[in-house]
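Accompanying notes for the structure given below.
2 protein chains.
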Amino acid sequence: MKRRGIVSFQTIKTDILQRIKLRDWPPGTMIPGEETLARDYGCSRNTVNRALRELAQAGVIERRRRAGTRVAVTPPLAAQIHIPVIREEIEQKGATYRYALLDREELIAPAMMRGKMALPENAEVLHVRCLHYADETPYQFEDRWINLGEAPDARDQTFETVGPNEWLVETKPLAYAEHIFSAANATPQLAAWLEIEPNDALFVVERRTWSEENTITAVKLFHPGFAFRLVSRAISNSGEDL
Amino acid sequence: MKRRGIVSFQTIKTDILQRIKLRDWPPGTMIPGEETLARDYGCSRNTVNRALRELAQAGVIERRRRAGTRVAVTPPLAAQIHIPVIREEIEQKGATYRYALLDREELIAPAMMRGKMALPENAEVLHVRCLHYADETPYQFEDRWINLGEAPDARDQTFETVGPNEWLVETKPLAYAEHIFSAANATPQLAAWLEIEPNDALFVVERRTWSEENTITAVKLFHPGFAFRLVSRAISNSGEDL
DNA sequence: GAGTGGTCTAGACCACCTG
DNA sequence: AGGTGGTCTAGACCACTCA
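Protein chains in written order, with the working numbering: chain A, 1179 to 1420; chain B, 1179 to 1420.
This is the structure:
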């Protein structure tokens, strides 16, 4: 087990993964402590620590103080996805992006949105509905609610030329986000807007964004099912990507 | 800017995030080098490095040797999702899990699958179709292809009581995986199996799994749209989660 | 109480890339 | 050519938690 030459945390990572893969250390096994591994690999404990820390983050192993490190029983099926910014997504496909506002309304949050966005009674919100086109074909319908308590400057935005998405991205960077992906049939109304048949399958993304307790915005995005795919970065529980 | 007391990488992380949020350092700005920050915070460069490394991993900043570190222009919309293991997912909901095999066939890979799985000509594959029930309601239809060249021991599995998913998870842990999420309308055949109406929206997950160049398995999972939602872990580009 | 992981330090060398 | 990030070391203290 003794090693020579350069021992990097990468080497250790892949080596440990190899052992897990080859069932040298089957799921549930305790693996040696950092100090032991450091001696075995002939490197500093810090280096071992980084390797193990990253493996733990990837879900391959589980670590607890005093209890030690064990190989995870349920292999990780974690994937990192990148939710594209609509304009960039379309332009990257070589298509022309166009934005169209459908309607914009400031109102007292209806009960349903109060619940979803955790708003106080009588909270004012901005409701914007709009379409995103790729080469003049409807690509995404956006149903957006903005909490005017958190983003009062949205009042000054007409959203006639710039979509709320882009505006928020530039104005309110860095926020917590939650995404829910689902599928639904197109209502007649949605079908008309998206220029598809009623009942056609839609890929739906719901996103809530908040910053320190307060919801900033909630949005529901509808894509024609045949035109949209969300691809997870080829993740790994192996090798370099971890 | 000088600090006193305990300075951990967490402190530095949140502090830097704060500055970015407050537009103290707007998108695109160069931020000071590690050495400078270490002096400013009164800590070791190693500590600063870890803070910055994790921020970079989260996509908040971009780092390049010699060029330095700058605040990312496009705020990250990366989310980590956990693809559930079907049995655990159902049982976690308090429902009873049941598995049913529809058919199982060993054959020479048809051209389409050869392409998808990057198989050589005349490669043998195992094709399994099965259903997963939650409380006797169809929850997921699974259309699975297994490369018998990579997983020859699948020949011995009838998959009558244990689904291919669970078997693979236990037998071939740790592999690269790619996921594609989309929406589609139910074909009459799928509708019958899933006991829904033809044309109902389906949430579709396609997964390819491979290990060192060779595809192990490719699977297409269909969920009734109204019953399934994929929730991303509330990720953040802010605060603790990073 | 003691062993494990979690973190920090001060110093060092190197690879890369830009000016 | 030189500055920046990337990494490694050897040592240290602490926090948590299990026996």
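Here a beta-carbon is modelled for each residue, glycine too, at the ideal position from N, C-alpha and C.
Does the distance from the CB of residue i to the CB of residue j come in under 8 Å?
i               : j               : result
A1257 (chain B) : I1358 (chain A) : no
E1356 (chain A) : R1322 (chain A) : no
A1250 (chain A) : G1237 (chain A) : yes
A1229 (chain A) : I1198 (chain A) : no
T1225 (chain A) : V1185 (chain A) : yes
A1362 (chain A) : A1379 (chain B) : yes
A1287 (chain B) : A1301 (chain B) : yes
M1208 (chain B) : T1247 (chain B) : yes
L1326 (chain B) : V1303 (chain B) : yes
N1433 (chain B) : N1377 (chain A) : Since the first residue of chain B shown is 1179 and the last is 1420, residue 1433 (chain B) is not available in this structure.
V1382 (chain B) : F1400 (chain B) : yes
D1331 (chain B) : T1349 (chain B) : yes
A1312 (chain A) : I1268 (chain A) : yes
E1240 (chain B) : K1191 (chain B) : no
A1461 (chain B) : W1388 (chain B) : What is shown of chain B runs 1179 to 1420, which leaves residue 1461 (chain B) out entirely.
H1310 (chain A) : I1261 (chain A) : no
H1305 (chain A) : E1338 (chain A) : no
A1396 (chain A) : K1271 (chain A) : no
I1394 (chain A) : A1329 (chain A) : yes
R1201 (chain B) : E1212 (chain B) : no
P1298 (chain B) : I1324 (chain B) : no
G1403 (chain B) : S1360 (chain A) : yes
DSSP has residue i in a bridge; who is on the other side?
i               : result
Q1318 (chain A) : A:H1310
F1406 (chain A) : In DSSP, F1406 (chain A) forms no bridge with anything.
W1323 (chain B) : B:H1305 and B:A1396
Taking any Cβ of chain A, which residues in the segment 1202 to 1231 of chain B have a Cβ under 7 Å from it, in chain order?
-> P1205
Next on the checklist: Any C-beta of chain A within less than 7 Å: which residues of the segment 1367 to 1386 of chain B qualify?
Outcome noted: N1377, D1378, A1379, L1380 and F1381
- Name the residues in the segment 1339 to 1368 of chain B whose C-beta lies less than 7 Å from a C-beta of chain A; which are they? V1347, P1351, L1352, A1353, Y1354, A1355, E1356, H1357, I1358, F1359, S1360, A1361, A1362 and N1363
| task | Kindly provide the ranges of any alpha helix (DSSP H) runs that are 4 or more residues long and lie completely inside the segment 1200 to 1285 of chain A, ordered along the chain. | result | 1212 to 1219, 1223 to 1235 and 1264 to 1270
Original post:
What are the uninterrupted segments assigned as alpha helix (DSSP H) that are 4 or more residues long and contained completely in the segment 1324 to 1401 of chain A, given in chain order?
Top reply: 1342 to 1349 and 1366 to 1372
### Contact residues within the segment 1281 to 1294 of chain A, judged by C-beta distance below 7 Å to chain B
none
At least 3 beta-carbon pairs within less than 8 Å: the segment 1274 to 1282 of chain B vs the segment 1305 to 1321 of chain B: yes
Checklist line | Members of the segment 1291 to 1319 of chain B that neighbour chain A once the beta carbon cut-off is set at 7 Å | finding: none
Next on the checklist: Please list, in chain order, the residues of the segment 1390 to 1405 of chain A that have any C-beta partner in chain B closer than 9 Å.
Outcome noted: E1390, H1401, P1402, G1403 and F1404
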